[in-house]
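To start, the structure under review is shown below, and the notes come after it.
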Amino acid sequence: MDLLAGLKQESVTEMDLSDYCTVDVGTSVRDALSQMQATHCRNALVLQDGKLAGIFTDRDVLMKVADNGEALGKPITQFMTPDPFTLSKAATAADALALMARHHIRNVPIVEDDGSVVGNFTHFSVLDFLAEQFPDITLDSYPVYPRRFSRRRHGG
């Protein structure tokens, strides 16, 4: 199978879009982080009246919250990215990857025409797709030539 052709044909709705949690616009940063931690998500899609209003990611935590002790009690709307780039359900995986590359982002929310969330396309969506397309190749296997690699630790 030609990988590029596969990505151009694969609808984003056929991909794993489950890497997200949702919080309401009135949620505090502390509660959003708790929700992200509880669901093992790297981002929270921020909703207002059931529609996407913004996204709060692990990058926002590092860049805007980590050195601001007072941030935890503040509303997430002060730290989220409002009106993030999105794609519709009609988009392909190639469309999502192109958007991610063009804007240097790691999350692309997939939304209905009315703004309600369908899911979140991430780099893990692509990795899952690749694992399905190439099941004989495993990324966690041992090196082909194990004697080429030292078994002793070097450095600190």
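Mapping of the sequence shown onto the working numbering: position 78 corresponds to residue 128, and the numbering continues sequentially without gaps. Positions of the beta carbon are idealized from the N, C-alpha and C atoms, including for glycine.
- For residue 104, the uninterrupted beta strand (DSSP E) run begins and ends at 101-107, by DSSP.
- With 16 or more other Cβ atoms from the protein chains shown falling within 10 Å of its own Cβ, residue 146 counts as buried.
- Counting only the Cα atoms, residue 158 lies some 10 Å from residue 105.
- Using a C-beta cut-off of 8 Å, the region 87-105 makes contact with the region 65-72, since at least three inter-stretch Cβ pairs fall below that distance.
- Partner residues in a beta bridge of residue 118, as assigned by DSSP, do not exist.
- Take residue 95, set aside five residues on each side of it, and the residues of its chain with a beta-carbon closer than 7 Å to its own are 70, 72, 102, 105, 159, 167, 170, in chain order.
- According to DSSP, residue pairing for residue 159 in a beta bridge involves 170.
- For residue 75, the three-state secondary structure derived from DSSP is coil.
- Taking C-beta separations shorter than 6 Å and ignoring five residues to either side along the sequence, the partners of residue 121 in its chain run 79, 115, following chain order.
- Residue 136 sits close to residue 161, with the two beta carbons spaced by under 9 Å.
- Counting the other CB atoms within 10 Å of its CB gives residue 134 a total of 16 or more, which places it among the buried residues.
- For the pair residue 181 and residue 62, the CB atoms are not nearer than the 9 Å cut-off.
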